[in-house]
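Participant:
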Amino acid sequence: MKIWRAIHQSTQGRIVLAGVLVYAAWQVMLSVLAPGKVAPELQSGKSKVNVQVSLPFTPDRFHVMAMQRFGRVSGTDERSIEVRGVKQADLSRLARPYWVNRVEALKGD
């Protein structure tokens with residue numbers, strides 16, 4: 028209790044506590060919004076799916092490398108990245124970053 032009281036009474040402690048709370052709220056918000064970014068047709072019975080990840084900007088090397096954690100990147104478009112072989116369990120994790128607008132089935136598959 029003494030530590031809590033010390034943190035609560037100091038200005039620096041309150042600033043750090045507020046920062047931790049804002050960060051935690053941000054992470055919860057990303058987790059809650061992620062399933063809504065995934066198109067319903069991807070919830071099929073297949074174990075792996077091919078997806079097109081829409082972004083609000085032209086993908087950079089960082090974004091392509093981040094998507095490679097979930098599957099094989101087969102190309103980029105002006106505002107999207109094609110990822111093949113994404114596991115069903117990873118769809119929400121793939122949609123979690125704030126810079127992902129939508130995850131849809133790859134057209135032509």
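The sequence shown runs 28 to 136 under the working numbering. All C-beta atoms, glycine included, are put in the ideal place defined by N, C-alpha and C.
1) State the Cα-Cα distance for the pair residue 78 and residue 55, rounded to the nearest angstrom.
2) What does DSSP give as the partner residue(s) for residue 131 in the beta ladder?
3) Counting only runs of 4+ residues fully inside the region 65 to 114, write out the alpha helix (DSSP H) ranges in chain order.
4) Can you find at least 3 beta carbon pairs, one from the region 109 to 129 and one from the region 67 to 76, that sit closer than 8 Å?
5) Taking the Cβ atom as the reference point for each residue, do residue 117 and residue 97 lie within a distance shorter than 7 Å?
6) Can residue 59 and residue 122 be called in contact, C-beta distance under 7 Å?
7) On the CB-based measure, 16 or more other CB atoms within 10 Å of its CB, does residue 42 come out buried or exposed?
Facilitator: On the basis of the data shown:
1) So the two alpha carbons sit approximately 24 Å from each other.
2) 79, per the DSSP bridge assignment.
3) Segments of the alpha helix (DSSP H) lying fully in the region 65 to 114: 88 to 94.
4) Here the region 109 to 129 lies against the region 67 to 76, with 3 or more beta-carbon pairs under 8 Å apart.
5) Cβ distance < 7 Å, so residue 117 and residue 97 count as in contact.
6) Between residue 59 and residue 122, the CB-CB gap reaches or exceeds 7 Å.
7) Answer is exposed; the Cβ neighbour count stays below 16.
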